[in-house]
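J.: The structure is given below, and queries will be raised subsequently.
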Amino acid sequence: MPYSADPAWDAQYNLYKTWNSDNVYKEHTGKFVIPLALSEAQRAAGQPSVVIVDAFAPYTERVMTFDVKKASRPPVIPKPTDSGPFVFLGGQIKFDGPTANSRADAFDWTVSGAYVYIQSGTSADTDGYVLTGFPVPLAQQYDSAALGTIPDGGAAAELGADALGGYTVGQTLQPSNGYWSYSCPTFFPAALLNADLAIGAVPPPQN
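Numbering (the numbering used here), first residue to last: 188 to 394.
Structure below.
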């Protein structure tokens with residue numbers, strides 16, 4: 188039971204009405220584009236019209252949004268602070284209501300927010316992407332967490348239990364052979380990233 192020791196995890200499963208979360212990763216390459224004013228002769232000669240300059244080191248920005256609704260009690264939400272390999276830059280939390288339910292005997296709590304992080308350490312193209320966890324236990328979370336073993340040092344060792352399970356399983360995925368399965372809801376493995384898709388490539392037919 189990987190979550191039982193943490194008092195922040197919510198045991199009131201049946202009171203949650205919705206739990207939605209989105210994660211947007213922005214890969215900042217550190218490159219600037221400088222357009223050049225070329226003459227007609229330079230264009231005709233095929234001179235490039237832009238110069239790409241490496242201005243700073245690459246880094247990954249993560250924007251996490253969430254929207255959760257719970258009956259009768261306030262919900263558990265992500266804490267606006269540094270967490271593992273993610274450095275918290277800022278964000279907002281919005282509390283709607285609380286509003287009386289249809290029976291007027293309790294209140295429904297709706298809380299939403301958006302947090303901005305800088306990812307320190309892990310590399311999306313070699314490790315994958317961490318997604319938001321859930322405040323209630325799910326069967327696939329327990330299964331994935333049980334499979335996880337802590338890597339030797341590095342930012343991946345700071346991931347949450349389920350994301351760590353997803354990370355370790357993701358390192359073994361071989362999508363091209365057709366014999367793999369993946370059900371972790373809080374980690375997107377790097378094995379599923381394909382550079383050829385960005386240039387319109389089509390996978391060859393499978394025999």
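Quick reminder that beta carbons are idealized off the backbone N, C-alpha and C, glycines included.
With 16 other CB atoms within 10 Å as the buried threshold, where does Y316 fall?
T.: With 16 or more Cβ atoms within 10 Å of its Cβ, Y316 is classed as buried.
J.: Quick one: Cα of D283 to Cα of S299, how far?
T.: Near 8 Å, if we compare the C-alpha coordinates of S299 and D283.
J.: Grab the span of the beta strand (DSSP E) containing T268 for me, first residue to last.
T.: Here T268 belongs to no beta strand (DSSP E), and DSSP marks it neither H nor E.
J.: Pull up the DSSP beta-bridge partners for P222, would you.
T.: Its beta-bridge partners are V237.
J.: With 16 as the cutoff for other CB atoms within 10 Å, does D209 come out buried or exposed?
T.: Under this definition D209 is an exposed residue.
J.: Hey, quick one: how far does the beta strand (DSSP E) through G353 stretch, first residue to last?
T.: Careful: G353 lies outside any beta strand (DSSP E), inside the alpha helix (DSSP H) at A348 to G357.
J.: Over what stretch of residues does the beta strand (DSSP E) that includes Q361 continue unbroken?
T.: Where Q361 is concerned, there is no enclosing beta strand (DSSP E), given that its DSSP letter is neither H nor E.
J.: Please determine if the segment 195 to 206 and the segment 262 to 272 are in contact, where contact requires at least 3 C-beta pairs separated by less than 8 Å.
T.: Flag = yes, the segment 195 to 206 and the segment 262 to 272 touch.
J.: Let me make sure I understand the geometry here. Which of P372, D241, T252 and D295 has the alpha-carbon closest to that of Q327?
T.: The shortest Cα separation from Q327 among P372, D241, T252 and D295 belongs to P372.
J.: If you reduce the DSSP assignment to three classes, tell me which class K204 lands in.
T.: Correct three-state label for K204: strand.
J.: Write down the C-beta distance between S331 and G353 rounded to the nearest angstrom, noting that I regard them as a contact closer than 8 Å.
T.: With 8 Å as the limit, S331 and G353 qualify as a contact, their Cβ atoms being about 5 Å apart.
J.: Buried or exposed for T355, going by 16 or more other Cβ atoms inside 10 Å?
T.: When all chains shown are included, T355 counts as buried.
J.: CB G217 to CB P235, shorter than 8 Å?
T.: No, Cβ-Cβ distance for G217 and P235 is not below 8 Å.
J.: How big is the Cα-Cα spacing for D193 and A385?
T.: Because D193 sits at a pLDDT of 45, beneath the cut-off of 50, its placement in the model cannot be relied upon, and the following sentence gives the value as read from the coordinates. Their Cα atoms are separated by approximately 42 Å.
J.: Taking only the alpha-carbon atoms, compute the straight-line gap between P189 and A348 and give it to the nearest angstrom.
T.: Low confidence applies here, because P189 scores a pLDDT of 37, under 50, leaving its location unreliable; read the following figure in that light. The straight-line gap from Cα to Cα measures roughly 7 Å.
J.: Any idea if L223 is buried or exposed, counting beta-carbon neighbours within 10 angstroms, 16 or more meaning buried?
T.: By the 10 Å Cβ count, L223 comes out exposed.
J.: To the nearest angstrom, how far is the alpha carbon of A195 from that of P362?
T.: Residue confidence is low: A195 scores 49 on pLDDT, short of 50, so the model does not pin down where it sits. Its coordinate-derived value is still stated next. Going from the Cα of A195 to the Cα of P362 covers about 36 Å.
J.: With distances taken between CB atoms, is the gap from G271 to E345 smaller than 8 Å?
T.: In contact: G271 and E345 (Cβ atoms closer than 8 Å).
J.: Within 10 angstroms of its Cβ, does P390 collect 16 or more other Cβ (buried), or is it exposed?
T.: So P390 counts as exposed.
J.: Which residues share a DSSP beta bridge with S299?
T.: Answer by DSSP bridge pairing, in chain order: D254 and K281.
J.: Can you find the residues in the same chain that come closer than 6 Å, C-beta to C-beta, to V250, ignoring five residues on each side of it along the sequence?
T.: Excluding residues within five positions, the ones whose Cβ falls inside 6 Å are V211 and V303.
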